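Below you'll find the structure, written out as structure tokens, and then a few comments.
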Amino acid sequence: MADYGKEKWPVLALECELEQLLVTEVSDRLCLCLQLAPKEIVGKSLGELLTPASRLYFLSAIEPNLKQGNDCEQVTLYLKTADGPRMFVANAVVDDKKCFSLILMPADRHLILERQLIRERDQTQEINQELERRERELLQQRALKSELLSKMESVSSELLQTEKLAALGQLAAGIAHEINNPVGYIRSNLNTLSQYSQKLLDFIHKNQNISAAQKESVDLAFLEKDLLSLLNETNEGIQRITQITRALTQFTRSSGLQDWCDIHKQIDTTLRVMSGELRRKVDISRNYLPDLPLVYCDPAKVNQVLMNVLLNAADAIERFGVIRITTKCHSGQVEVIIEDNGCGMNEETARKAIEPFYTTKPEGEGTGLGLSISYSIMKSLGGSLRISSELGEGTRIYLAFPVPANNSEDEHGI
Numbered sequence: 001m002a003d004y005g006k007e008k009w010p011v012l013a014l015e016c017e018l019e020q021l022l023v024t025e026v027s028d029r030l031c032l033c034l035q036l037a038p039k040e041i042v043g044k045s046l047g048e049l050l051t052p053a054s055r056l057y058f059l060s061a062i063e064p065n066l067k068q069g070n071d072c073e074q075v076t077l078y079l080k081t082a083d084g085p086r087m088f089v090a091n092a093v094v095d096d097k098k099c100f101s102l103i104l105m106p107a108d109r110h111l112i113l114e115r116q117l118i119r120e121r122d123q124t125q126e127i128n129q130e131l132e133r134r135e136r137e138l139l140q141q142r143a144l145k146s147e148l149l150s151k152m153e154s155v156s157s158e159l160l161q162t163e164k165l166a167a168l169g170q171l172a173a174g175i176a177h178e179i180n181n182p183v184g185y186i187r188s189n190l191n192t193l194s195q196y197s198q199k200l201l202d203f204i205h206k207n208q209n210i211s212a213a214q215k216e217s218v219d220l221a222f223l224e225k226d227l228l229s230l231l232n233e234t235n236e237g238i239q240r241i242t243q244i245t246r247a248l249t250q251f252t253r254s255s256g257l258q259d260w261c262d263i264h265k266q267i268d269t270t271l272r273v274m275s276g277e278l279r280r281k282v283d284i285s286r287n288y289l290p291d292l293p294l295v296y297c298d299p300a301k302v303n304q305v306l307m308n309v310l311l312n313a314a315d316a317i318e319r320f321g322v323i324r325i326t327t328k329c330h331s332g333q334v335e336v337i338i339e340d341n342g343c344g345m346n347e348e349t350a351r352k353a354i355e356p357f358y359t360t361k362p363e364g365e366g367t368g369l370g371l372s373i374s375y376s377i378m379k380s381l382g383g384s385l386r387i388s389s390e391l392g393e394g395t396r397i398y399l400a401f402p403v404p405a406n407n408s409e410d411e412h413g414i
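Numbering (the UniProt record's numbering), first residue to last: 1 to 414.
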């Protein structure tokens, strides 16, 4: 607009000097709107173009601000036209200390534009709200995707862990089978040896040709006593080996099918398998409820849960401690409580303990999957796993197994 005069401005405008409010320039459009020639406007006082009320308002409210160098926006003025007074919305802009520009818009046109602006503002708000909604949806989808990826990683890790346990189970079952064969020979030979030894002793006692001095010279009484003791101890050792191999076979056998299960037997089997791991640092205290109802589940999965929980309990004990195992039955559930007197956990750690990959062990010493897998198994069995712990006071883990309503020994043939 600096390249040509204000008469060519594409708006309704005029320029006035501040001292006497004389119009110095006027746009052609304003002349057309007022139905006046430029010469009828330029050189006149602005007050002559205004109605008396608007002139008074301008002189009292607007002029003082302009002389102080302040612009005035959105003021209502009535200008004289050939058709009578017409209302305008005006913006007064101080160009310098000597003059100001007055830019006008007919009030009806201003109202139309204002309404249009309101509509566009509302549309913009709606668009912004829609954008915000879509952004929230995208964030939710991203969070869901992240959660699904995390679950997939968890499931993948659980499957890997299950495959490792299955492979370990097959290996253990194979070892148990290979051990059973020579143990069978040893047991058979030991029974034969016991019979032969007894026959020899009977023969010696009945043989009158062997003197008391000869018997004493070989300390026959001690040999007889020690021989029986050695045979008994060897037989006990074989029975122990048999129990361990049977426990390994039972512990690792999993058909994927559920069956009636004696929780006490499952606990005892798991403890036998873990005896080497546990006896170095804990004493086991068992408080079993007599006549505990049977539960219907996959025994191998129960063994896996018990092993994970017992290993966690043992790891929580720094030197030597006690693990107490208690069984109860109430509210249609068999409950196993495994309690240790280890270091315990604070509230946050106890809450996160069942989350996949969460571990307080140093890096490389734990996967953080033991309790997570156990929690998932208990849920799949229709039961629950609950943790109660206090820092420095040890931890209790409650395993609850549902008892079927038709549970009876007659029905499942046990």
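Even for Gly, the Cβ is constructed at its ideal location relative to N, Cα and C. Predicted model, so just to flag it, every value in this text is computed and none were measured.
| Item | Value |
| --- | --- |
| When Cys99, Asn70, Pro64 and Asp108 are compared against threonine 76, the one with the closest alpha-carbon | Asp108 |
| Leucine 66 and valine 89 closer than 9 Å at C-beta | no |
| Closest Cα partner of arginine 55 within the set Met87, Asp202, Leu399 and Cys33 | Met87 |
| Cβ shell of leucine 22 (< 8 Å), same chain only, five flanking positions each side left out | Cys16, Gly43, Lys44, Ser45 and Leu46 |
| Per-residue DSSP class, three states only, for glycine 184 | helix |
| Test item: CB-CB of lysine 80 and leucine 113 under 9 Å | no |
| Cut-off 6 Å between Cβ atoms - residues of its own chain near leucine 102, not counting five sequence neighbours on either side | Leu14, Ala90 and Ala92 |
| Per DSSP, the bridge partner or partners of glycine 84 | DSSP output for glycine 84 lists no bridge partner at all. |
| When Glu390, Ala353 and Val305 are compared against glycine 383, the one with the closest alpha-carbon | Val305 |
| Backbone CA spacing between asparagine 232 and isoleucine 175 [nearest angstrom] | 26 Å |
| Opposing strand residues paired with aspartate 340 [DSSP bridges] | Ile323 and Thr395 |
| Inter-stretch contact (C-beta, 8 Å, three-pair minimum) for the segment 392–400 and the segment 275–287 | no |
| Cβ-based neighbour list, arginine 386, same chain, cut-off 6 Å, excluding 5 preceding and 5 following | Tyr398 |
| Coarse secondary structure for valine 11, derived from DSSP in three states | coil |
| Alpha-carbon spacing of methionine 345 relative to serine 146, whole angstroms | 29 Å |
| Run of the alpha helix (DSSP H) containing isoleucine 317, from where it starts to where it stops | Note, isoleucine 317: premise wrong, no alpha helix (DSSP H); not H, not E. |
| Buried or exposed by the 16-neighbour rule on C-beta atoms within 10 Å, applied to isoleucine 377 | buried |
| Beta-ladder partner(s) of threonine 76, from DSSP | Val89 |
| CB contact flag (cysteine 343, isoleucine 317, <9 Å) | yes |
| Span of the alpha helix (DSSP H) around serine 376 | 370–380 |
| Collapsed DSSP secondary structure at alanine 405 in the structure displayed | coil |
| CB of valine 388 within 9 Å of CB of alanine 353, strictly | Per the sequence shown, the amino acid found at residue 388 is serine instead of valine. Not in contact: serine 388 and alanine 353 (Cβ atoms no closer than 9 Å). |
| Supposed close pair threonine 234, isoleucine 179 - CB separation, criterion 8 Å | 16 Å between Cβ atoms; not a contact. |
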